[in-house]
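In what follows, a single structure is set out as structure tokens and then discussed.
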DNA sequence: CGCTTTTCTTGAACAAGTCAAATGATGTGA
DNA sequence: TCACATCATTTGACTTGTTCAAGAAAAGCG
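The structure is reproduced here in structure tokens:
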């Protein structure tokens, strides 16, 4: 678990000013991987008090641009954020309860897959989303 | 290119009533693969006159549930629809102009990929989105 | 042809996210 | 240490894509 000093260093290294909303957002995304914006707003407000939703949106955008967090958004879901960046991992999403878990990429670097026919496109990255049922829903529903 | 009779048969086989908005939507999605809802509404209005946007949303939902069309929605894009269903193909999206092209799946049936560690999830399908630059943007931008 | 059910229209409502202007805090250089 | 320029945050309205609800219209069936 990174310390506040780690967060501060991460911000400074990205030429971002160190403010309490940013520290709180960074911390919240670390603690709640794959959380949606509303949850993050809630967590941030719980830790440092009143913050406008706009500030959180803005901070998340700034952190995303800086590469400190990654934005993911499976179909039918609102935007979610995670701090695992740099490694090329993927996600498995539960069709029943919307739970999201990380799945490591076998290759490790992007693009981890090569298209059979790239139609002339220059492919930079392959994003993989596995759809299925999480252990809980699988047991309750798939019986 | 399917004929109106084909569309009619497809609707009947799915126990859907045959109406002009449905025929027009099905035809529009066939003619404009990966079109967003607004484009589809425009195409439908061009072919059969005034239709409420609500009807198109409703028809698209009905067709999606029936499995006649597939809804795709890459990050940062609005909902798009295509009629290639049944085969397990993927998409390549241009980061610059949002163009979408089909990419055939090497395996052909879902799930075409196996996760390295499924975290206990029951995986039914792997959805792959390739991100890159289309030939046009690649030439104009990548010089 | 008439009835039942599904579908379309109309109009409003909703949620997520964005824009813009003014206020406030941060870091920097003297 | 202080002042200043710059960047961040607040506030509040707004846009966009999509959905809800109720009544009118059409499709299919006997």
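Residue numbers (this note's numbering), protein chains in the order written: chain B, 1 to 143; chain W, 1 to 143.
For every residue, glycine included, the Cβ atom is placed at its ideal position computed from N, Cα and C.
Everything numeric in this text was worked out from a predicted model, so none of it was measured.
Host alpha helix (DSSP H) of residue i (start-end)
{"i": "residue 45 of chain W", "result": "37-48"}
{"i": "residue 60 of chain B", "result": "53-66"}
Under 7 Å from the C-beta of residue i: neighbouring residues of chain B
{"i": "residue 57 of chain W", "result": "Neighbours of residue 57 of chain W on chain B: none; closest Cβ ~15 Å, over 7 Å."}
{"i": "residue 27 of chain W", "result": "Within 7 Å Cβ-Cβ: nothing; residue 27 of chain W doesn't reach chain B, min ~24 Å."}
Cα-Cα separation, residue i to residue j
{"i": "residue 78 of chain W", "j": "residue 13 of chain B", "result": "34 Å"}
{"i": "residue 69 of chain W", "j": "residue 17 of chain W", "result": "16 Å"}
{"i": "residue 58 of chain W", "j": "residue 83 of chain W", "result": "16 Å"}
{"i": "residue 45 of chain W", "j": "residue 114 of chain B", "result": "40 Å"}
{"i": "residue 81 of chain B", "j": "residue 61 of chain W", "result": "28 Å"}
{"i": "residue 50 of chain W", "j": "residue 63 of chain W", "result": "20 Å"}
{"i": "residue 42 of chain W", "j": "residue 22 of chain W", "result": "14 Å"}
{"i": "residue 26 of chain B", "j": "residue 7 of chain B", "result": "7 Å"}
{"i": "residue 24 of chain B", "j": "residue 105 of chain B", "result": "29 Å"}
{"i": "residue 2 of chain B", "j": "residue 11 of chain B", "result": "13 Å"}
{"i": "residue 73 of chain W", "j": "residue 111 of chain B", "result": "20 Å"}
{"i": "residue 20 of chain B", "j": "residue 53 of chain B", "result": "14 Å"}
{"i": "residue 48 of chain B", "j": "residue 36 of chain B", "result": "18 Å"}
{"i": "residue 118 of chain B", "j": "residue 100 of chain W", "result": "11 Å"}
{"i": "residue 15 of chain W", "j": "residue 40 of chain B", "result": "44 Å"}
{"i": "residue 102 of chain B", "j": "residue 137 of chain W", "result": "32 Å"}
{"i": "residue 116 of chain B", "j": "residue 55 of chain B", "result": "43 Å"}
Residue i classed as buried or exposed, judged by whether at least 16 other C-beta atoms fall within 10 angstroms
{"i": "residue 34 of chain B", "result": "buried"}
{"i": "residue 143 of chain W", "result": "Bear in mind that a pLDDT of 41 at residue 143 of chain W, under 50, signals an unreliable position, so the number given afterwards is only what the model happens to contain. Exposed, by the Cβ-count rule."}
{"i": "residue 76 of chain W", "result": "exposed"}
{"i": "residue 9 of chain W", "result": "exposed"}
{"i": "residue 5 of chain B", "result": "exposed"}
{"i": "residue 38 of chain W", "result": "exposed"}
Partner residues on chain W for residue i, Cβ-Cβ distance less than 9 Å
{"i": "residue 80 of chain B", "result": "Here the premise fails: no neighbours, minimum Cβ distance about 11 Å."}
Span of the beta strand (DSSP E) around residue i
{"i": "residue 8 of chain B", "result": "Per DSSP, residue 8 of chain B belongs to no beta strand (DSSP E); it is in the alpha helix (DSSP H), 4-13."}
{"i": "residue 126 of chain W", "result": "122-133"}
{"i": "residue 24 of chain B", "result": "Not the beta strand (DSSP E): residue 24 of chain B falls in the alpha helix (DSSP H), residues 20-31."}
{"i": "residue 91 of chain W", "result": "90-94"}
{"i": "residue 103 of chain W", "result": "100-103"}
Neighbouring residues, chain W, relative to residue i (Cβ below 7 Å)
{"i": "residue 64 of chain B", "result": "Simply none; closest approach about 12 Å."}
{"i": "residue 123 of chain B", "result": "92, 130 and 132"}
{"i": "residue 75 of chain B", "result": "73"}
{"i": "residue 113 of chain B", "result": "128"}
Contact set between residue i and chain B, taken where Cβ atoms lie within less than 8 Å
{"i": "residue 117 of chain W", "result": "103 and 104"}
Partners in chain B for residue i, counting only beta-carbon separations shorter than 9 Å
{"i": "residue 135 of chain W", "result": "119, 120, 121 and 122"}
{"i": "residue 138 of chain W", "result": "120, 121 and 122"}
For the segment 77-93 of chain B against the segment 87-104 of chain W, are there 3 or more C-beta pairs whose distance is under 8 Å? no
Are three or more beta carbon pairs between the segment 30-48 of chain W and the segment 56-69 of chain W nearer than 8 Å? yes
Under 8 Å, with one C-beta from each stretch per pair, do the segment 122-138 of chain B and the segment 113-128 of chain W reach the 3-pair mark? yes
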